[in-house]
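Chain order of the listed sequences is D and L. The opening position of the first sequence corresponds to residue 290 in the numbering used here, with each subsequent residue numbered one higher. The opening position of the second sequence corresponds to residue 290 in the numbering used here, with each subsequent residue numbered one higher. From the three backbone atoms N, C-alpha and C, an ideal C-beta is built for every residue, glycine too.
Protein chains: 2
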Amino acid sequence: MRYHRGVASRTATELVHPDRKELRFTEVMAALSDPVRLAIVARLAAEPDGELACTTFALPVSKSTQSGHFKALRESGVIHQRDEGTRRLNRLRRDDLDARFPGLLDLAIVQGRNVIDGWSTRKRP
Amino acid sequence: MRYHRGVASRTATELVHPDRKELRFTEVMAALSDPVRLAIVARLAAEPDGELACTTFALPVSKSTQSGHFKALRESGVIHQRDEGTRRLNRLRRDDLDARFPGLLDLAIVQGRNVIDGWSTRKRP
DNA sequence: AATCATGTTCAGGATTTCCGAACATAGCAC
DNA sequence: GTGCTATGTTCGGAAATCCTGAACATGATT
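The following block contains the structure:
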């Protein structure tokens, strides 16, 4: 996958990840102002080895919307993504976020857990 | 001002302020994901007595847009507004925010100062 | 009563967000 | 190899949001 085209397909279309210095507070905040994205963040934080494929999240939105959410998290610098075969693996950029905006990620993780809890308790009565 | 109408004009149209318990993380984050609103927050934090009228901010956006930004901050619970004569006075809801989302407001204040500094250094060369 | 100062609301265009449908690629069965 | 499946992405259009100038509303001041 990854939609490489033509001759350059071996190297083309690398995933763009902003450098630590280029993280923008307003963009990170916007990325973390959505329940689905908070849930993703909390889920990643709970993972011991820290890498998860997109499918494993069981989110209550469509596939294309998921794709958009992961893209938003990546472009704002909240997560790092890399391709392995047909899967795209996600991990939190904890070091970078803690360095630039100390405390913010921890807050988001707590709130993301709340979102997930809300889903499990309110969706199966 | 305040657009009270008809008979009930003495008591009508109170400014709505969410209670501390009803603050939503996603909405507060969205409110704090805009440079203009961050600047407002930082400016309020720097004020000793903590109350400022909307005009005193000298923001680089139109009056109607300012109005919208203050409304967004109020409805999300970041600021409290009260009317005094023809002016609308704003103050930070620091206690409520610190109680619910400890550390978040301090981060926003720092970043809001950066925004303001960016304006002063980049707009008058 | 006229005017000013301070903010709000409205209508419109420009920008996001969501979804289903179609598409692209890797890996596997045969 | 040829299909088939699993995993994600992109596209197009509907619904919701953001920005602005213009018109409005009301308290204060002359």
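Please look up how many angstroms separate the CB atoms of residue i and residue j, rounded, as I've assumed it's under 8 Å.
| i | j | result |
| --- | --- | --- |
| I398 of chain D | V317 of chain D | Contact doesn't hold; Cβ gap of about 14 Å is too wide. |
| L362 of chain L | G392 of chain D | About 21 Å; that fails the 8 Å criterion. |
What does residue i reach in chain L if we use C-beta pairs closer than 8 Å?
| i | result |
| --- | --- |
| N348 of chain D | Reading off the sequence shown, one finds Leu at residue 348 of chain D, where the question assumed Asn. The contacting residues do not exist; L348 of chain D stays about 15 Å from chain L at best. |
Distance check for residue j and residue i, CA to CA, integer angstroms please.
| i | j | result |
| --- | --- | --- |
| V296 of chain L | E303 of chain L | With a pLDDT of 42 at V296 of chain L, under the threshold of 50, the predicted position of this residue should be treated as unreliable, and no value is reported. |
| V367 of chain D | L386 of chain D | 7 Å |
| S351 of chain D | H358 of chain D | 11 Å |
| A347 of chain D | S409 of chain D | 11 Å |
| K310 of chain L | A388 of chain L | 10 Å |
| P307 of chain L | S365 of chain L | 7 Å |
| A301 of chain L | D372 of chain D | With a pLDDT of only 37 at A301 of chain L, under the threshold of 50, the placement of this residue in the model should not be trusted, and no figure is reported. |
| A335 of chain L | A328 of chain L | 11 Å |
| L321 of chain D | A320 of chain L | 11 Å |
| K360 of chain D | D338 of chain L | 43 Å |
| S353 of chain D | F314 of chain D | 26 Å |
| G374 of chain D | P349 of chain D | 25 Å |
| G305 of chain D | Q370 of chain L | Strictly speaking, residue 305 of chain D in this sequence is Val, with Gly absent from that position. Spanning the two alpha carbons is a distance of roughly 42 Å. |
| S356 of chain L | S356 of chain D | 35 Å |
Sorted by chain position, which residues of the same chain lie with C-beta nearer than 8 Å to residue i's C-beta, five sequence neighbours on each side aside?
| i | result |
| --- | --- |
| L341 of chain L | R332, L333, L378, N379, R380 |
| L312 of chain L | S365, G366, D385, L386, R389, F390 |
If you drop the 5 nearest sequence neighbours on each side, which residues of the same chain put their C-beta closer than 7 Å to that of residue i?
| i | result |
| --- | --- |
| R383 of chain D | L394 |
| R376 of chain D | A342 |
| P414 of chain D | Because P414 of chain D carries a pLDDT of 49, less than 50, the predicted location of this residue cannot be relied on, and the following value inherits that uncertainty. Result list for P414 of chain D: empty, nothing under 7 Å. |
| P324 of chain L | V404 |
| G407 of chain L | none |
| T402 of chain D | Here residue 402 of chain D turns out to be Arg, not Thr, going by the sequence shown. A331, listed in sequence order. |
| R326 of chain L | A320, H358, A361, L362 |
Please confirm whether residue i has its beta-carbon closer than 9 Å to some beta-carbon of chain D.
| i | result |
| --- | --- |
| T315 of chain L | yes |
| F359 of chain L | no |
| S409 of chain L | no |
| D323 of chain L | yes |
| G295 of chain L | Below a pLDDT of 50, predicted positions are generally treated as unreliable, and G295 of chain L, at 41, falls in that range; the measurement from the model is reported next regardless. Not one chain D Cβ lies under 9 Å of G295 of chain L. |
| D308 of chain L | no |
| N403 of chain L | yes |
Using a Cβ cut-off of 9 Å, pull out every chain D residue sitting near residue i, in sequence order please.
| i | result |
| --- | --- |
| G392 of chain L | P391, G392, L393, D395, L396 |
Which residues of chain L have a Cβ atom closer than 9 Å to the Cβ of residue i, listed in chain order?
| i | result |
| --- | --- |
| Q400 of chain D | F314, T315, M318, F390 |
Taking 9 Å as the threshold (beta carbon to beta carbon), is residue i in contact with chain L?
| i | result |
| --- | --- |
| L381 of chain D | no |
| L327 of chain D | yes |
Quick one: residues in its chain with C-beta nearer than 6 Å to the C-beta of residue i, no 5 flanking neighbours on either side, listed in chain order?
| i | result |
| --- | --- |
| T344 of chain D | none |
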